[in-house]
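Visitor: Questions regarding the structure given below will be posed in turn.
Residue numbers (my numbering), protein chains in the order written: chain A, 1 to 203; chain B, 1001 to 1203.
This is the structure in structure tokens:
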């Protein structure tokens, strides 16, 4: 691609302006705090992005706690990869598979409560830099967990601890409490074209 | 939480129906193919989710190629974490930082073209299960790369190879070519509340 001098000058000016805006924005931000992050919406990638954050923390040598509230058998790829970080990562899985596979509400509620108990251990430990509450929004949606209990637990956590809560249909009060909320929108999905779940993409 | 017998029965019925629908949907899907995945939109998590996919592939013992088209110094946490997978992962970074920091279009174009050359090596290698083209949408948006060249390169890749292309403002023709597109929407962002970029969250 050819770049003329005029183009180059125009580009330089545009980028210089943009850098000035960027620098000013960065300078304005002074607060440091543990963030409550919510990944919600119907699109794919909510849990994957949460595990990406976990990976980043582990890369910085920080401790991470993961609690999976719904999926049992899934995320096998991540689990195997994370095995490399055994000293920094604690992983608790409900281990019951999808709830529509168990068809036993009492068992699901008991499993969700056990998972929340594990989450509370992480939420009490300032050494844990990031807590991943994977698919907790599903547990909240089916009232396996009370929203008040969860919000109170999040509220009392160490000031610098980050939390990421995933799952579609996040409760409005959780969004209100959150610092960072991303809505994952499904623009196009290969399942609609008859493509099956594949290794590395879905599991 | 108490669960009455009636509630339990209702739940069992609902979940059994849902499982039947789910099983039928899974049975319908027979196609296996390498997916072109696009993470776009203004929300946070596009690259993080792509690196989460990379992690999953590495966990399955598959090879992954990463090319970063814009960010140079970022993703240090991921890079350090991925160092554990040196035998499976190849990482190419343009290493020029954000484009509005360089203010030199000719240099940016040359760097983008070098990065694309590296991408083409991955896109020619059937042993690479996943290619991450991080922030390629930015390079396309600024015309550092031609869309036709990129689409042609993606088209001729190995049939089972997955690709994930990230960055806001994905070109409509890239979305048309894609199998899976997630739009990351920014519902709430902590920068607006004066919170600065923090270790493990932004870098």
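No residue lacks a Cβ here, since even glycine has one placed at the ideal position from N, Cα and C.
No experiment lies behind these values; they were computed from the predicted model shown.
Sorted by chain position, which residues of the same chain lie with C-beta nearer than 8 Å to residue 1040 of chain B's C-beta, five sequence neighbours on each side aside?
Guide: Taking the first residue of the second chain as position 1, residue 1040 of chain B is located at position 40. 1046, 1137, 1166, 1167, 1168, 1169, 1170, 1175, 1181, 1182, 1183 and 1184, listed in sequence order.
Visitor: For a contact defined as C-beta to C-beta under 7 Å, what are the partners of residue 7 of chain A on chain B?
Guide: The residue given as residue 7 of chain A occupies position 7 in the first chain. Residues of chain B passing the Cβ test: 1105.
Visitor: Would you call residue 1030 of chain B buried or exposed, if buried means 16 or more other Cβ atoms sit within 10 Å of its Cβ?
Guide: By one-based count along the second chain, residue 1030 of chain B stands at place 30. Looking at its Cβ environment, which holds fewer than 16 other Cβ atoms inside 10 Å, residue 1030 of chain B is exposed.
Visitor: So the alpha helix (DSSP H) residue 1004 of chain B belongs to, where does it begin and stop?
Guide: Here residue 1004 of chain B is taken as the residue at index 4 of the second chain, counted from 1. DSSP places residue 1004 of chain B outside any alpha helix (DSSP H), giving it a letter other than H or E.
Visitor: Rounded to whole angstroms, what's the CA-CA distance from residue 1015 of chain B to residue 132 of chain A? Just pull it up for me.
Guide: One-based indexing of the second chain puts residue 1015 of chain B at position 15. One-based indexing of the first chain puts residue 132 of chain A at position 132. Spanning the two alpha carbons is a distance of roughly 26 Å.
Visitor: Indicate whether the contact test is met: 3 or more Cβ pairs, each with one atom in the region 48-68 of chain A and one in the region 1048-1060 of chain B, closer than 8 Å.
Guide: yes
Visitor: Is the distance from the Cβ of residue 63 of chain A to the Cβ of residue 36 of chain A below 8 Å?
Guide: Within the first chain, numbered from 1, the residue matching residue 63 of chain A stands at position 63. Within the first chain, numbered from 1, the residue matching residue 36 of chain A stands at position 36. The answer is no: Cβ separation not under 8 Å.
Visitor: Give me whichever residues DSSP pairs with residue 1130 of chain B in a beta bridge.
Guide: Residue mapping note: residue 1130 of chain B aligns to position 130 of the second chain, counting from 1. B:1064 and B:1162, per the DSSP bridge assignment.
Visitor: Distance cutoff 8 Å, beta carbons only. Does residue 190 of chain A sit that close to anything in chain B?
Guide: Mapped onto the first chain, residue 190 of chain A falls at position 190. Chain B, which has a Cβ nearer than 8 Å to the Cβ of residue 190 of chain A, makes this yes.
Visitor: Kindly identify the DSSP beta-bridge partner or partners of residue 1188 of chain B.
Guide: Locating residue 1188 of chain B in the second chain gives position 188, where the first residue counts as 1. According to DSSP, which records beta bridges pairwise, residue 1188 of chain B is partnered with A:181.
Visitor: Along the chain, where does the beta strand (DSSP E) that runs through residue 58 of chain A open and close?
Guide: For the purposes of this step, residue 58 of chain A is taken as residue 58 along the first chain, with counting starting at 1. Residue 58 of chain A -> not in any beta strand (DSSP E); alpha helix (DSSP H) instead, spanning 46-59.
Visitor: Within 10 angstroms of its Cβ, does residue 160 of chain A collect 16 or more other Cβ (buried), or is it exposed?
Guide: The residue you call residue 160 of chain A lines up with position 160 of the first chain. Residue burial annotation: residue 160 of chain A is exposed, with fewer than 16 other C-beta atoms found within 10 angstroms of its C-beta.
Visitor: Can you name the residues of chain A whose CB is closer than 7 Å to the CB of residue 1086 of chain B?
Guide: Position 86 of the second chain, counted from the start, is the residue given in the question as residue 1086 of chain B. Those do not exist, as residue 1086 of chain B stays about 11 Å from chain A at its closest Cβ, beyond 7 Å.
Visitor: I need the boundaries of the beta strand (DSSP E) containing residue 36 of chain A, first residue and last residue.
Guide: Counting from 1 along the first chain, the entry for residue 36 of chain A is found at position 36. It spans 36-40 - the beta strand (DSSP E) in which residue 36 of chain A sits, taken as one unbroken run.
Visitor: Could you check if residue 1061 of chain B is buried or exposed, using at least 16 other CB atoms within 10 Å of its CB as the buried criterion?
Guide: Counted from its first residue, the second chain places residue 1061 of chain B at position 61. So residue 1061 of chain B counts as exposed.
Visitor: Quick one: is residue 1094 of chain B near chain A, going by C-beta distance under 8 Å?
Guide: Reading the second chain from its first residue, position 94 is the one you call residue 1094 of chain B. No, no contact with chain A.
Visitor: According to DSSP, simplified to helix, strand and coil, what is residue 89 of chain A?
Guide: Here residue 89 of chain A corresponds to residue number 89 of the first chain, with the count starting at 1. Strand, per DSSP.
Visitor: State whether the region 5-20 of chain A contacts the region 144-156 of chain A, with contact taken as three or more CB pairs (one from each stretch) at a distance under 8 Å.
Guide: no
Visitor: Counting contacts by CB-CB distance shorter than 8 Å, is residue 1120 of chain B in contact with chain A?
Guide: As a working mapping, residue 1120 of chain B is identified with position 120 in the second chain. It does not; no Cβ of chain A falls within 8 Å.
Visitor: Is residue 21 of chain A helix, strand or coil by DSSP?
Guide: For the purposes of this step, residue 21 of chain A is identified with residue 21 of the first chain, where counting begins at 1. Secondary structure at residue 21 of chain A: helix, using DSSP grouped into helix, strand and coil.
Visitor: Please compile the residues from chain A whose C-beta is within a distance smaller than 7 Å of the C-beta of residue 1182 of chain B.
Guide: Counted from its first residue, the second chain places residue 1182 of chain B at position 182. The contacting residues are 43, 44, 45, 184, 185, 186 and 187.
Visitor: Which of helix, strand or coil does DSSP assign to residue 1195 of chain B?
Guide: On the second chain, residue 1195 of chain B is found 195 positions in, with the first residue counted as 1. DSSP places residue 1195 of chain B in strand when its eight states are reduced to three.
Visitor: Hey, would you say residue 1119 of chain B sits closer than 8 Å to residue 1164 of chain B, going by beta carbons?
Guide: To locate residue 1119 of chain B, count along the second chain from 1; it is residue 119. To locate residue 1164 of chain B, count along the second chain from 1; it is residue 164. No, the Cβ-Cβ distance between residue 1119 of chain B and residue 1164 of chain B is not below 8 Å.
Visitor: Closest to residue 193 of chain A by C-alpha separation, out of B:1026, B:1128 and B:1134, would be which residue?
Guide: What you label residue 193 of chain A is simply residue 193 of the first chain in a count that begins at 1. Of B:1026, B:1128 and B:1134, the residue nearest in Cα terms is B:1026.
Visitor: I'd like to know whether the C-beta atoms of residue 200 of chain A and residue 1123 of chain B end up nearer to each other than 8 Å.
Guide: For the purposes of this step, residue 200 of chain A is taken as residue 200 along the first chain, with counting starting at 1. For the purposes of this step, residue 1123 of chain B is taken as residue 123 along the second chain, with counting starting at 1. Cβ atoms of residue 200 of chain A and residue 1123 of chain B: not closer than 8 Å.
Visitor: Pick from A:22, A:54 and A:147: whose alpha carbon is nearest that of residue 128 of chain A?
Guide: Within the first chain, numbered from 1, the residue matching residue 128 of chain A stands at position 128. The option with the nearest alpha carbon to residue 128 of chain A is A:54.
Visitor: Residues of chain A with CB closer than 9 Å to the CB of residue 1194 of chain B, please, in chain order.
Guide: To locate residue 1194 of chain B, count along the second chain from 1; it is residue 194. Here the neighbours are 28, 29, 30 and 31.
Visitor: Thinking just about the alpha-carbon of each residue, which of B:1065, B:1116 and B:1034 is nearest to the one in residue 195 of chain A?
Guide: Numbered from 1 along the first chain, position 195 holds the residue referred to as residue 195 of chain A. Out of B:1065, B:1116 and B:1034, B:1034 has the C-alpha closest to the C-alpha of residue 195 of chain A.
Visitor: Do residue 1139 of chain B and residue 1145 of chain B count as a contact pair if the criterion is CB distance below 8 Å?
Guide: Taking the second chain and counting its residues from 1, the one referred to as residue 1145 of chain B is at position 145. Taking the second chain and counting its residues from 1, the one referred to as residue 1139 of chain B is at position 139. Contact flag set, yes.
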